[in-house]
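Numbering (this note's numbering), first residue to last: 619 to 1050.
As C-alpha cells, the structure follows; a few thoughts come after it.
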RNA sequence: GGAAGAGUGGCUGAGCUGGUUGAAGGCGCACGAUUCGAAAUCGUGUUUGGGGUAAAACUCAACGUGGGUUCGAACCCCACCUCUUCCGCCA
C-alpha cells in the first residue's frame, strides 16, 4: 500500500508511475474519495468531542434529563455519520490498495516482459558434441518424472518426481540453505559485489505455514491476482504461491527493534499456482507446474540500506548459479514486469540447451515499505522513533534449476553429471 | 469436534456491582540527582494510529475482533477468533 500522503502530494508522479507499470487506476477519483472520507471523519470527531465533554461534565453522576436528551440526539447524529463514513472508507481503502508501488527511476520503462533489459550475461551457452535433449526426455527415460500418473491423480501440471531427481532436489535445497547460513561465504559475496554497509548476518531457516488468511494475503499485496491463487473450500485460507507470502507477514502488527535488523529468513515451502491463462505453454517437463518446492529468501531491513539488501540478494543468486556452473543472464525487469508491490525487480534466467533459450529461474523483489504499511511491520530506531521496515524477497532455488542441471550436465549416453558443489550432498556421486 | 476457563500497555498484573481509567501497582527501559565511576536509592518520563500545527498546544480512536444495549462500555449482551486445561481424534 502506498502512503496516501505521498499520493496527495504527488498525484502526477503516481499517475505516471502506474501508467508505466501498465496498471490502470484513477488517482483523481481516489483523492476525491480521500476527501469525502476526511470530511466525514472530521465531523464525527467533532461530535464525539461534544459527547465526551458532556460525559465529563457528568462527573460520575447520572446527568440531567436535559443532558440525556442532548446525548440521545448526538447518538443519532453519530449513527448516521458513522454509516456514511464506513461506506466512504471502504471505497477509499479499496482504491488505495489498487495503487501500485512506484518504480525507481532506474527501472526501464516497458510495455511487457519483452522490454526487460539484459544487464549482463555470465558464462557461455553450454556446448555439446551431440544433440542435447530436453530435461523431460532425459528424465522420463530415467523414470525421474512420471507425468501420466500424476495427471490421473491430480490433473494437468502435476508430476511425480522420483529417484535421483528427488535426491538432487534435496541436495540443491540443502546446499542453498548452507550457503545462506554461512557468514564467511556471505561476507565474501558482499566483498566481491562491492556492496557497502551490508551485514553478513546469516539467514535463519524457516519452515513456514503454506497457507494464509485472506486478510494476511491481501496485506502482502499478492492477492490482486486471485485467479492465480488456490482457495481452500470452507476455510478462510489460501495456498501460498511462494514462501514469501507467509514469511513477509510474519511480523505483522509488530514493532521490531533496530538492534535485531536486518532480520533474514530462508524459508522452504511447497508453492501452489493456478497458472490460469497459460494453457498450452510449457506443458512438458517441470518448468510450469501447479505445485513445486521452493527455497526463498526474505529480509526485513531499515529503509536506508534496503536497496543494498536487494542487491545483496541478487549477488547471492549469482553466486549460487556460478557455483553450479550454470550459464545465466541477469535482467533488469521493466516497469510492466516488476509487479504491483515492487519498486524494482531483477530476474535471473538460466541457459536451457534443450530449449535453446534462457528461462527464468530466479526473481528478486525490491518492495520498499509497500508491504510493511498495510502489515504494520515497523522498527523502533535507536532514538526511539518508529518507522516502517522495508521488505525484500528473492528466490534461492525452485525446481526449475533441476531442469537446468539435467540439460546442461547431460552426457551423450543420457546420463547427468552432478555439479561439483552438489557432489558432497549426493553421497559423493558425480554422475546420475 | 465436545466441555470449562481466559484474552488489558514492552512484560507482569489490578479494574469487570458501567461514568473523573489510555488505563493502578510492580518489572523493564530512558533521562536526571547522588558517585571518581558503578550498584543501591531518589526524582522525572515512558503505547500506537489518525486529525491538527512551522513545531507545539489541542483533539479523535484503540483494553482479542466485529456487532448490540446505554446519555455514557475495558466493564453488560451476542457472534467470531485465539490461548489454556480436560475429553475425543491423529502424524
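Heads up, the beta-carbon is just placed ideally off N, CA and C, and yes, glycines get one too.
Review point. Which residue from 668, 653, 719 and 1010 puts its Cα closest to that of residue 867?
Key: Closest option to residue 867, Cα to Cα, is 1010.
Review point. Residues bridged to residue 980 by DSSP?
Key: Residue pairing from DSSP places residue 980 in a beta bridge opposite 966.
Practice item. Report the three-state DSSP secondary structure of residue 891 (helix, strand or coil). Key: It is coil, neither helix nor strand.
Review point. Under a three-way DSSP split, which group does residue 826 fall into?
Key: In this structure, residue 826 counts as coil in the three-state DSSP scheme.
Review point. For the region 987-1004 against the region 966-979, are there 3 or more C-beta pairs whose distance is under 8 Å?
Key: Taking one beta carbon from each stretch, the region 987-1004 and the region 966-979 have fewer than 3 pairs nearer than 8 Å; the two do not touch.
Point to revise | Residue(s) in a DSSP beta bridge with residue 1028 | key: Per DSSP, 1034.
Review point. Thinking C-beta only, is residue 957 closer than 8 Å to residue 982?
Key: No. Outside cutoff.
Review point. Pairing CB atoms from the region 929-940 with CB atoms from the region 702-714, are three or more of them under 8 Å?
Key: Verdict: no, contact absent.
Exercise for review: Would you kindly work out how many angstroms separate the C-alpha atoms of residue 699 and residue 690, rounded to a whole number?
Suggested key: Rounded to the nearest angstrom, the two C-alpha atoms are 15 Å apart.
**Study point:** Per DSSP, cross-strand counterpart(s) of residue 1005
**Key:** For residue 1005, which the question treats as bridged, DSSP gives the partners 997.
Review point. Should residue 764 be counted as a contact of the ligand PLP given a C-beta to heavy atom distance under 7 Å?
Key: Judged by which ligands are present, the structure shown has none, so any question about the ligand PLP falls away.
Check your understanding: What are the boundary residues of the alpha helix (DSSP H) that residue 801 is part of?
Key -> Start and end: 801-811.
Check your understanding: Who are residue 774's beta bridge partners in DSSP?
Key -> According to DSSP, which records beta bridges pairwise, residue 774 is partnered with nothing at all.
**Study point:** Three-state secondary structure assigned by DSSP to residue 849
**Key:** Three-state result, residue 849: strand.
Point to revise | Outcome for residue 930 when other beta-carbon atoms lying within 10 angstroms are tallied against a minimum of 16 | key: The residue is buried, with at least 16 neighbouring Cβ atoms inside 10 Å.
Check your understanding: Which residue comes first and which comes last in the alpha helix (DSSP H) that contains residue 791?
Key -> Its alpha helix (DSSP H) spans residues 782-798.
Review point. Taking C-alpha atoms, which residue in 663, 1016 and 684 lies nearest to residue 697?
Key: Checked all of 663, 1016 and 684; the closest Cα to residue 697 is 663.
Point to revise | Rounded separation between residue 724 and residue 738 - CA only | key: Looking at the backbone, the Cα of residue 724 and that of residue 738 are separated by about 16 Å.
**Study point:** Supposed contact pair residue 912 and residue 1016 - C-beta distance, whole angstroms, cut 8 Å
**Key:** 4 Å between Cβ atoms; contact.
Check your understanding: Is it a yes or a no for the region 886-898 touching the region 907-923, going by three-plus beta-carbon pairs under 8 Å?
Key -> Touching, yes, given that three or more Cβ pairs across the two stretches are closer than 8 Å.
**Study point:** Identity of the residues DSSP links to residue 918 by a beta bridge
**Key:** Answer by DSSP bridge pairing, in chain order: 881 and 1009.
Practice item. Please name the residue in 748, 684 and 909 whose C-alpha comes closest to that of residue 847. Key: Looking at the Cα atoms, 909 is the closest of the given residues.
Review point. Candidates 837, 997 and 828: which alpha carbon is nearest residue 850's?
Key: Nearest option by C-alpha distance: 828.
Review point. Can you check whether the CB of residue 838 is closer than 8 Å to the CB of residue 1028?
Key: By the CB criterion at 8 Å, residue 1028 and residue 838 fall outside the cutoff.
Check your understanding: Are the CB atoms of residue 801 and residue 818 nearer to each other than 8 Å?
Key -> Yes.
Practice item. Inspect the beta-carbon positions of residue 803 and residue 933 and report whether they are closer than 8 Å. Key: Contact check for residue 803 against residue 933 fails: the beta carbons are separated by 8 Å or more.
Review point. Opposite residue 912 in the DSSP bridges: which residues?
Key: DSSP output for residue 912 lists 887 as bridge partner(s).
Exercise for review: Inspect the beta-carbon positions of residue 948 and residue 1019 and report whether they are closer than 8 Å.
Suggested key: No, they are not a contact pair.
Exercise for review: For the beta strand (DSSP E) holding residue 861, just list the boundary residues, first then last.
Suggested key: No beta strand (DSSP E) holds residue 861; DSSP gives it neither H nor E.
**Study point:** C-alpha distance - residue 655 paired with residue 661, whole-angstrom precision
**Key:** When rounded, the separation of the alpha-carbon atoms in residue 655 and residue 661 is 10 Å.
**Study point:** Reference residue 984; option with closest CA among 767, 971 and 1007
**Key:** Comparing Cα-Cα distances from residue 984 to each of 767, 971 and 1007, the minimum goes to 1007.
Point to revise | Completely contained alpha helix (DSSP H) runs for the region 652-739, where each covers 4 or more residues | key: Under the rule that a run must span 4 or more residues, the alpha helix (DSSP H) segments found entirely inside the region 652-739 read 683-716.
Exercise for review: Using only alpha-carbon positions, find the residue among 852, 836 and 902 that is nearest to residue 870.
Suggested key: Closest option to residue 870, Cα to Cα, is 836.
Check your understanding: If you follow the beta strand (DSSP E) that residue 947 is part of, which residue opens it and which one closes it?
Key -> Here the beta strand (DSSP E) through residue 947 covers 946-950.
Check your understanding: Going by beta carbon distance, what residues of the same chain come within less than 6 Å of residue 881, once the five residues before and after it are set aside?
Key -> Only 918 meet the Cβ criterion.
Exercise for review: Using a threshold of 8 Å, state whether the C-beta atoms of residue 657 and residue 953 are closer than that.
Suggested key: It is not a contact, given that the beta carbons lie outside the stated cut-off.
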